[in-house]
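Undergrad: I'd like to ask some things about the structure below.
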Amino acid sequence: FINKQKKGFSMKKILSLLALLVMTLTAFATDYTGHRTVTYGSNPSTESDDAVLTITDNGDNTFNVTFKDVINVAPDGYTDNYGTYTFSNVHGTTENGVTTIDLSNLSASVENCSFYGVTEASEGVLFAKFNAEKAYATFSAMIGSWSKSTISAVFGVDDFESTGGGEPGGGE
């Protein structure tokens, strides 16, 4: 009977330690909401003020940068949904509280793209600056299943001396 109580007590400790370990290994994401401009191929650019950029800190100086719901609206109202673009495990450097990512020749996963078969973007160029209050990010990449075109997006304002840029809208 005494051994069973000790096992139960030890099991509680083990479960508590496992829970603590999982919490410390969990990546933290910040959603920024702000202005974004999207350009696809030679189509006119589309601007929106409610765009979402998510930056996930993986805890090892790498980040996942996600441009959510990249959409272009034609002058006639036709909407193309180019999907959600995620650049995973990209290295960033932090100085004076601002993290900068400046990389090229990347690939990005693409989800929910309305173009048949597009699940990845290639030849990606990513630049981002962010802190707890705001973010600025740009990307360009090639997409398409049989004929490739360039897609690009600019999120926020590159102004880290004042209050420009997208603002945090929550975390995960």
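Every letter in the sequence shown is one number past the one before it in the working numbering, and letter 36, counting from 1, is 84.
Glycine included, C-beta positions come from ideal geometry on N, C-alpha and C.
Excluding sequence positions up to five away, which residues of its chain have a Cβ less than 8 Å from the Cβ of F208?
TA: Here residue 208 is taken as the residue at index 160 of the sequence shown, counted from 1. Excluding positions up to five away in sequence, the list reads V146, K177, N179, K182 and Y184.
Undergrad: Quick one: is G165 buried, meaning 16 or more other Cβ sit within 10 Å of its Cβ, or exposed?
TA: Within the sequence shown, residue 165 is the residue found at index 117, counting from 1. Under this definition G165 is an exposed residue.
Undergrad: Excluding the 5 residues flanking V202 on each side, which residues of the same chain have their C-beta closer than 7 Å to its C-beta?
TA: As a first step, residue 202 must be located in the sequence shown, where it is residue number 154. R84, T85 and T186, listed in sequence order.
Undergrad: According to DSSP, simplified to helix, strand and coil, what is S58?
TA: For the purposes of this step, residue 58 is taken as residue 10 along the sequence shown, with counting starting at 1. Three-state result, S58: helix.
Undergrad: Using CA coordinates, which residue listed in G204, D206 and G172 is at the minimum distance from T198?
TA: Within the sequence shown, numbered from 1, the residue matching residue 198 stands at position 150. It is G172 whose Cα lies nearest to the Cα of T198.
Undergrad: Would you kindly work out how many angstroms separate the C-alpha atoms of D97 and S193, rounded to a whole number?
TA: Counting from one through the sequence shown, the residue named residue 97 turns up at place 49. Counting from one through the sequence shown, the residue named residue 193 turns up at place 145. Cα-Cα distance, rounded: 30 Å.
Undergrad: Measure the alpha-carbon distance for E283 versus T148 and round it to whole angstroms.
TA: Limits of the chain in this structure are 49 at one end and 220 at the other, which puts residue 283 out of reach.
Undergrad: Reducing DSSP to helix, strand and coil, say where T110 ends up.
TA: Here residue 110 is taken as the residue at index 62 of the sequence shown, counted from 1. Residue state, collapsed to three classes: strand.
Undergrad: Quick check on A144: buried or exposed, where buried means 16 or more other Cβ atoms within 10 Å of its Cβ?
TA: As a first step, residue 144 must be located in the sequence shown, where it is residue number 96. One point to set straight first is that residue 144 is Asn, not Ala, in the sequence displayed. Classification for N144: exposed.
Undergrad: Using a threshold of 8 Å, state whether the C-beta atoms of N91 and N112 are closer than that.
TA: Here residue 91 refers to the residue found at position 43 when the sequence shown is read from its first residue. Here residue 112 refers to the residue found at position 64 when the sequence shown is read from its first residue. Not in contact: N91 and N112 (Cβ atoms no closer than 8 Å).
Undergrad: Is K177 helix, strand or coil when you go by DSSP?
TA: One-based indexing of the sequence shown puts residue 177 at position 129. Strand, per DSSP.
Undergrad: From the DSSP output, which residues share a beta bridge with A122?
TA: Start at 1 with the first residue of the sequence shown, and residue 122 comes out as number 74. In the DSSP output, where bridge partners are listed per residue, A122 has none listed.
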